[in-house]
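Participant: Heads up: the sequence shown runs through residues 39 to 391, numbered per the numbering used here. All residues carry an ideal CB built from backbone N, CA and C; glycine is no exception.
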Amino acid sequence: MNLKIAVLAGDGIGPEIMKQGVAVLNEVADKFNHKFTYTEALCGAHAIDAVGDPFPEDTFNVCMDADAVLFAAVGDPKFDNNPSAKVRPEQGLLAMRKKLGLFANVRPVATFECLLHKSPLKDELLKGADFVVIRELTGGMYFGEKYQDNDKAYDTDIYTRPEIERILKVAFDTAMKRNKHLTVVDKANVLASSRLWRLIAKEMETSYPEVNTDYMFIDNASMRVLTEPTFFDVIVTENTFGDILTDETSCITGSMGLQPSASLGEHTPLFEPVHGSWPQATGKNIANPIAQILSAAMLLEHFGLNTEGQLIRKAVNASLDANVRTPEIQVENGNTYGTTEVGKWIADYIKNN
Ligand code: IPM
Ligand code: MN
Numbered sequence: 039m040n041l042k043i044a045v046l047a048g049d050g051i052g053p054e055i056m057k058q059g060v061a062v063l064n065e066v067a068d069k070f071n072h073k074f075t076y077t078e079a080l081c082g083a084h085a086i087d088a089v090g091d092p093f094p095e096d097t098f099n100v101c102m103d104a105d106a107v108l109f110a111a112v113g114d115p116k117f118d119n120n121p122s123a124k125v126r127p128e129q130g131l132l133a134m135r136k137k138l139g140l141f142a143n144v145r146p147v148a149t150f151e152c153l154l155h156k157s158p159l160k161d162e163l164l165k166g167a168d169f170v171v172i173r174e175l176t177g178g179m180y181f182g183e184k185y186q187d188n189d190k191a192y193d194t195d196i197y198t199r200p201e202i203e204r205i206l207k208v209a210f211d212t213a214m215k216r217n218k219h220l221t222v223v224d225k226a227n228v229l230a231s232s233r234l235w236r237l238i239a240k241e242m243e244t245s246y247p248e249v250n251t252d253y254m255f256i257d258n259a260s261m262r263v264l265t266e267p268t269f270f271d272v273i274v275t276e277n278t279f280g281d282i283l284t285d286e287t288s289c290i291t292g293s294m295g296l297q298p299s300a301s302l303g304e305h306t307p308l309f310e311p312v313h314g315s316w317p318q319a320t321g322k323n324i325a326n327p328i329a330q331i332l333s334a335a336m337l338l339e340h341f342g343l344n345t346e347g348q349l350i351r352k353a354v355n356a357s358l359d360a361n362v363r364t365p366e367i368q369v370e371n372g373n374t375y376g377t378t379e380v381g382k383w384i385a386d387y388i389k390n391n
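(1) I believe Leu234 touches Ile202 by the beta-carbon criterion, under 8 Å. Please report the beta-carbon distance rounded to the nearest angstrom.
(2) Bridge partners of Arg145, per DSSP?
(3) With distances taken between CB atoms, is the gap from Asn64 to Ala385 smaller than 9 Å?
(4) Between Thr378 and Asn323, which are expected to be in contact by the criterion C-beta below 8 Å, what is the C-beta distance as a whole number of angstroms?
(5) Can you tell me the Cβ-Cβ gap for Thr287 and Val263, rounded? I've got them flagged as a contact below 8 Å.
(6) Kindly list the residues whose CB is nearer than 6 Å to the CB of Asn40, restricted to its own chain and excluding five residues on each side of it in sequence; keep chain order.
(7) Below 8 Å on the Cβ atoms is my guess for Met56 versus Ala104; work out the distance and round it to an integer in Å.
(8) Can you say whether Leu237 is buried or exposed, counting buried as having 16 or more other CB atoms within 10 angstroms of its CB?
(9) Buried or exposed: where does Val89 fall if 16 or more other Cβ atoms within 10 Å of its Cβ makes it buried?
(10) At the level of alpha carbons, what is the spacing between Ala44 and Pro200?
(11) By Cβ distance below 7 Å, which residues in the same chain neighbour Ala191 in space, the five residues on each side in sequence not counted?
(12) My output table needs one value for Asp87: the three-state DSSP class, helix, strand or coil.
(13) Do Pro267 and Val147 have their CB atoms nearer than 9 Å?
(14) Quick test of your reading: Val112 and Leu131, contact by CB under 8 Å. State the CB separation rounded to the nearest angstrom.
(15) Please report the straight-line C-alpha distance between Leu296 and Pro365, rounded to a whole angstrom.
(16) Should Thr284 be listed as close to the ligand IPM, given that the test is whether its C-beta is under 8 Å from any heavy atom?
(17) Please go through the same chain and pick out, in chain order, the residues whose beta-carbon is closer than 6 Å to the beta-carbon of Ala300, but skip the five residues on each side of it.
(18) Would you check if the stretch 243–253 and the stretch 274–285 touch, i.e. whether three or more CB-CB distances between them fall below 8 Å?
(19) Where do the ends of the beta strand (DSSP E) carrying Tyr253 lie?
(20) If you run the structure through DSSP and keep just helix, strand and coil, what is Gly48?
(21) Anyone know if the C-beta pair for Leu138 and Gly303 falls short of 9 Å?
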């Protein structure tokens, strides 16, 4: 298969982990006779520094022209610590989501047997936890009308029927391909927008009689993902709730550095780690490349390259089992490996297996 991949490495640890993601893709291409071509483009703080825009038009065009986008992370403390900054790297991320129509953010949550102890939760609660959170990504408070003066401020949590229907369709369809259990997470006891979500979900339930659909308030769901993570199969929720819930669910896996995601929608699909740019680790060769590498696996699986995706997953598992791990997940007194070494080990495994 020929795939044109837009490569957006971004800021902080982004370029380091991206290098490993691309190396793994190249190994897969060699082994299975695929042709992947890459076009790099600027985004985030790097793009602000270079051209004054965190998601420049050129980058948008590169993304639109590609079959898929492999994205790493954006963000730089020099903007966080400057309340009067006019443009911020994160605006580039939001512009990218909006302009590429990436309304469905798919964030799988799974455990690795050998890393159960890395989670702050008890092993027996975690065993077998395997679910996916589908977060709406281009609506709600993130994009609704905003206002701020010195005495008053608001963000509008707005959703329209077509926006809700299309994300719920992704959720129901995902549930059909998995264990046919969908949990719609909302705050329908308080929020009008949530009540519309629930109304539409109930209408759509009749088209998916095989899916066991239930409804849960976000406050309850935040507790339940930690007390009984095995209850869940597919969760669907609006943008802000999904943002918060998926940082929370990342502690089920044991490290943010292990969590990939896909953002799907109207134009080119995008694949990225759930974690951010971790500026403090930049250049230290300590960031875990696995979230980026698994994002590359999700990219391949999106195009039906399931054997290839599976081989990447097998290689990642093998690296963990062999204790070839970055510091945050290494066993006590074990040798730690760098970003480059872990990536190389995984790429070599793919070559040799
Ligand atoms: C995420 C991030 C972003 C979000 C930030 C960086 C704008 O936290 O992808 O979860 O809030 O969506
Ligand atoms: Mn987030």
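Facilitator: On the basis of the data shown:
(1) The beta-carbon separation of Leu234 and Ile202, rounded to 6 Å, stays under the 8 Å limit for a contact.
(2) Among the bridge pairs identified by DSSP, Arg145 is matched with Val171.
(3) In this structure, the beta-carbon distance from Asn64 to Ala385 falls below 9 Å.
(4) With a Cβ gap of about 6 Å, Thr378 and Asn323 count as contacting.
(5) The pair is a contact, with the Cβ atoms about 5 Å apart (cut-off 8 Å).
(6) By the criterion of a C-beta distance shorter than 6 Å, Asn40 is surrounded in its chain by Lys73, once the five residues flanking it on both sides are discounted.
(7) 15 Å between Cβ atoms; not a contact.
(8) Exposed.
(9) Only exposed fits Val89, as fewer than 16 other CB atoms lie within 10 angstroms of its CB.
(10) Near 29 Å, if we compare the C-alpha coordinates of Pro200 and Ala44.
(11) If you ignore the 5 residues before and after Ala191, its C-beta comes within less than 7 Å of the C-beta of Tyr185, all in its own chain and listed in chain order.
(12) Residue state, collapsed to three classes: helix.
(13) For Pro267 and Val147, yes; Cβs fall inside 9 Å.
(14) Between Leu131 and Val112 the Cβ distance is about 6 Å, and since that is below 8 Å, they are a contact.
(15) Roughly 13 Å between the two C-alpha positions.
(16) Yes; taking the cut-off as 8 Å, the Cβ of Thr284 has a heavy atom of the ligand IPM nearer than that.
(17) For Ala300, where only same-chain residues beyond five positions count, the Cβ hits under 6 Å are Val144, Phe309 and Met336.
(18) Cβ pair count under 8 Å is below three, so no.
(19) Start and end: Asn250 to Phe255.
(20) In this structure, Gly48 counts as strand in the three-state DSSP scheme.
(21) Yes, these two residues count as a Cβ contact at 9 Å.
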